[in-house]
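As structure tokens, the structure follows; a few thoughts come after it.
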Amino acid sequence: MTVSRRQALGIIAVGTAGAMLANASRAQAATGKARIGVLKFGTVSWELDTLKHHGFDTANGLDLEVVYFAGEDATNVAMLAGDIDIIVSDWLWVSRQRSEGSDVTLAPYSTAVGAIMVKQESPVKTIADLKGKKIGVTGGPLDKSWLLIQALTKRDHSFDLVAENEIVFGAPPLMSEKAMEGELDAVLNFWHFCARLEANGFRRVVGANDAARALGATGDVSALGYVFHEKWAADNPDTAMGFVKASAAAKELLARSDEEWQRLSPTMRAEGRELEVLRDRYREGIPKRPVADEQADAAKLYSVLAEVGGEKLVGKAMEMAPGTFWPELLR
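Right, here's the structure in full:
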């Protein structure tokens, strides 16, 4: 028995559904093929490893090939060129591509986002305490987490994080290393680097999700999604929806099985407390709301980001492009 579209969307909304496992146990022959391009050591590879290991792709009529790339730009180029079918990116990138004529669209993947982290003994307790501090930032000046936290700081505390602090930009591992060595007062890093810091004596001051809620979001919004051409999905509807269902099945298993995380431990290069925190933060990031609600909140945040980041971030479009979130998930 196949899983209906309504069931698949329910899994995305609440993060769990026994129907997925029932479907997996009656695996059917794969009828559609898809190629997904991801970073070799990115967090998406954990979910895809689970998906392939347990045959959730074939259980949903899909033969999924995972293609590894060295950088995000390479995956974007390959997908736009038609060399692969699916990548992982954010809704800002998708919206900009659509506003410039592309038909790419997004299915939510994860709401996990970065946070500003400090050592446990740090005197910094709130955003206001960051004034005059040396802050490390990953993702560059236009990183959306950084822009959201800047916007919140200006609105609620009347100071400019960039103008009134020493900001150091760098790669995630380097920023974490500098923070651990005491060369930074605080660091804004990607969620999985924050999790590793948390396991090693750091605490969160403010997360990008906290800033998003304070700026108008009614709940967590997926920072990243699975991105593909709308035409490809229209030409291969069972394959596209089969992938969404397979992803949901992998998430359901990762949400409930500690044993699965132990299996992934070598791939993650984490064990003990680090593995536990990474597991817990990943689970917190499983999308739990209807896609329509995420889309509405993303549109609100887009307006905030467009105002702060300007044309360099969003291009000429000051509103999120229609169709940024895959319309099939809104039915």
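According to mature numbering (1 follows the signal peptide of the UniProt record, and there is no 0), the sequence shown holds residues -29 to -1, 1 to 302 in order. Glycine included, C-beta positions come from ideal geometry on N, C-alpha and C.
The beta carbon of leucine 113 sits closer than 8 Å to those of Gly280, Lys283 and Leu284, all from its chain and outside the five residues before and after it, given in chain order. The beta carbon of valine 89 sits closer than 6 Å to the beta carbons of Val95, Ala157 and Val176 from its chain, once the five residues preceding and following it are set aside; these are given in chain order. The C-alpha of lysine 115 is placed about 12 Å away from the C-alpha of glycine 178. Each residue's CA atom was taken as its position, placing glycine 8 and leucine 195 some 14 Å apart. Ranked by Cα distance from tryptophan 117, the first of Gly85, Gly141, Lys105 and Gln91 is Gly85. DSSP lists Ser60 and Pro79 as the bridge partner or partners of glycine 196. Cβ contact annotation for glutamate 137 (same chain, cutoff 8 Å, sequence separation greater than five): Lys104, Lys105 and Ile106, in chain order. In the DSSP assignment, methionine 88 is bridged to Val158 and Arg175. For a cut-off of 8 Å, the C-beta gap from leucine 159 to threonine 21 is around 29 Å, too long to register as a contact. For phenylalanine 140, no alpha helix (DSSP H) run applies; the uninterrupted beta strand (DSSP E) run containing it begins and ends at 137 to 140, by DSSP.
In the three-state reduction of the DSSP assignment, glycine 8 falls in the strand class, which pools E and B.
With a beta-carbon spacing of about 13 Å, valine 48 and valine 198 fall beyond the 8 Å limit used to define contacts. Of Val275, Leu10, Lys287 and His24, the smallest CA-CA separation from serine 218 is found for His24. For leucine 22, there is no enclosing beta strand (DSSP E); the enclosing alpha helix (DSSP H) covers residues 15 to 24. DSSP places isoleucine 120 inside the alpha helix (DSSP H), whose first and last residues are 115 to 128. Taking every protein chain shown into account, the CB of lysine 202 has fewer than 16 other CB atoms within 10 angstroms, so this residue is exposed. In this structure the segment 242 to 257 does not touch the segment 54 to 74; the number of beta carbon pairs closer than 8 Å is below three. For lysine 105, the enclosing beta strand (DSSP E) covers residues 105 to 108.
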